[in-house]
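Below: one structure, written as structure tokens.
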Amino acid sequence: MSRVAYVNGVYRPHREATVHVEDRGFQFADGVYEVWSVFDGRMADFDGHMTRLHRSLNELRIDIPMTRDALTRVLKETIRRNRVRNGIVYLQVTRGTARRDHPFPAPGTPPSVVVTSKSIPFSRSQAQAAKGVAVVTYPDIRWGRCDIKTVGLLPNVLAKQAARDKGAYEAWMVDEMGLITEGSSTNAWIVDQDGKLRTRDTQANILRGITRAAIMDLVKAEGIELDERPFSVDEAKQAKEAFFTAAGAFVMPAISIDGVRIGDGKPGPITTKLRERYLEAARRDAV
Ligand code: PDD
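Structure follows, in structure tokens:
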């Protein structure tokens, strides 16, 4: 089955879908993106991702490319045309195409919009979650506005590759104080030695994960105690449980950090419960 991508108003065969060489996303990483999980052809946490997209655009003064309804139609149509039942849909909006020059282009330059969607078998994530995955640590060398979901992801790419080079699934980035900020494409969580669920607060220089926010709602409903506070690499290595969250990864148990076994080396009970509850709620509320 051939894939299709939406590029600036046109659905094109995926292999022919291109943007201009002077697209500011290509030249300057001057753009933002969102990723939605797709369950049974429907998007999870829809409003949260849409709201964050608008915030990212606003923070960077990129024009909103189309109405929310129009964008929703494009996202749904891209999922439909690619026959994606389970997987992700990806949206990128850049500051558009203009002769290469650092300042913003002339007002009225239309933003570029790209949407792609791909199938990812749900069974793959379930198999990984059943066993748990390895995490390594890596220095956080990113800029000071990681709350904006920009396509400037080179430090994240280097961190993820460092993980892959060591046979691990994810890299948890570490700030100058030795505290974990977040994963290269996920938010980081532990159940600490006192049994408290911990994740870094969003005053810090991290992305305000939409999956993270959904988990926080579930945590409240389940009566689990949450301490929204940074944790160190040592605390993470001594944790009872560790996991990370993101669209596509959902809630993924980490069973080792830099080769140090977490808990008994198996996905822990709080992690497993939160994954189940998250999947139930995300499926139920998908649009
Ligand atoms: N990444 N932190 C970073 C640095 C991320 O890139 C992401 C998402 C998250 C989790 O956010 P959310 O729960 O809203 O997906 C945290 C996406 C999936 C990606 O880059 O593909």
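Numbering-wise (my numbering), the sequence shown opens with residue 714 and increments by one. Cβ coordinates follow ideal geometry from the N, Cα and C atoms, glycine included.
When rounded, the separation of the alpha-carbon atoms in Ala730 and Val802 is 16 Å. In the displayed model, Pro726 falls within a strand according to three-state DSSP. Uninterrupted beta strand (DSSP E) stretches at least 3 residues long and entirely within the region 741–826 occur at 744–752, 800–807, given in chain order. Taking every protein chain shown into account, the CB of Trp856 has fewer than 16 other CB atoms within 10 angstroms, so this residue is exposed. With 16 or more other Cβ atoms from the protein chains shown falling within 10 Å of its own Cβ, Ala955 counts as buried. Going by DSSP, Glu989 is part of the alpha helix (DSSP H) stretching over 982–998. Contact holds between the region 832–849 and the region 869–886, because three or more Cβ pairs, one in each stretch, are under 8 Å apart. In the structure shown, Ala840 adopts helical secondary structure according to DSSP, grouped into three states.
Excluding residues up to 5 positions away in sequence, Asn869, Lys873, Ala959 lie with their Cβ nearer than 7 Å to the Cβ of Ser898 in the same chain. For Thr958, there is no enclosing alpha helix (DSSP H); the residue is found in the beta strand (DSSP E) stretching over 954–959. Counted as a single uninterrupted DSSP element, the beta strand (DSSP E) harbouring Arg911 occupies residues 910–912.
Going by C-alpha positions, Val864 is about 16 Å away from Ile777.
Take Glu735, set aside five residues on each side of it, and the residues of its chain with a beta-carbon closer than 8 Å to its own are Thr810, Ala811, Arg812, Arg813, in chain order. For Pro868, the secondary structure class from DSSP, reduced to helix, strand or coil, is helix. The region 978–987 makes no contact with the region 734–751; the number of CB pairs closer than 8 Å stays below 3. In the DSSP assignment, Ala967 forms a beta bridge with Val846. Here the alpha carbon of Leu804 sits roughly 37 Å from the alpha carbon of Val973. Less than 9 Å divides the Cβ of Arg990 from the Cβ of Glu935.
Counting only the Cα atoms, Pro852 lies some 36 Å from Ile792. It is roughly 24 Å from the alpha-carbon of Ser945 to the alpha-carbon of Lys844.
When secondary structure is reduced to three states using DSSP, Asp940 falls in the strand class.
The beta carbons of Ser836 and Val806 sit no closer together than 9 Å. Distance from the C-beta of Ile923 to the nearest heavy atom of the ligand PDD is below 8 Å. Non-local C-beta neighbours of Lys909 in its own chain, meaning closer than 7 Å and more than five positions away in sequence, comprise Glu938, Asp940, ordered along the chain.
Under the Cβ criterion (8 Å, minimum of three pairs), the region 761–781 does not count as touching the region 794–801.
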